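First comes the structure, then the notes that go with it.
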Amino acid sequence: MAVYELLGISSLLSAGIAVVLLARLVRKSR
Numbered sequence: 129m130a131v132y133e134l135l136g137i138s139s140l141l142s143a144g145i146a147v148v149l150l151a152r153l154v155r156k157s158r
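Following this note's numbering, the numbering of the sequence shown begins with 129 at its first residue and continues without gaps.
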């Protein structure tokens with residue numbers, strides 16, 4: 129069960145990082 133929890137946490141972290149990077153790119157472009 130711990131494996132699924134780790135996968136969920138890693139997916140959330142990766143998603144958060146992607147959102148932050150996209151937000152920074154959008155702000156820089158504008």
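By construction, the Cβ of each residue, glycine as well, lies at the ideal position given by its N, Cα and C atoms.
Since we're looking at a predicted model, the values are computed, not measured.
In this chain, Arg-158 is not harboured by any alpha helix (DSSP H), its DSSP state being neither H nor E. Rounded to the nearest angstrom, the gap between the Cα atoms of Val-131 and Ala-151 is 30 Å.
Taking C-beta separations shorter than 6 Å and ignoring five residues to either side along the sequence, Arg-155 has no partners in its chain.
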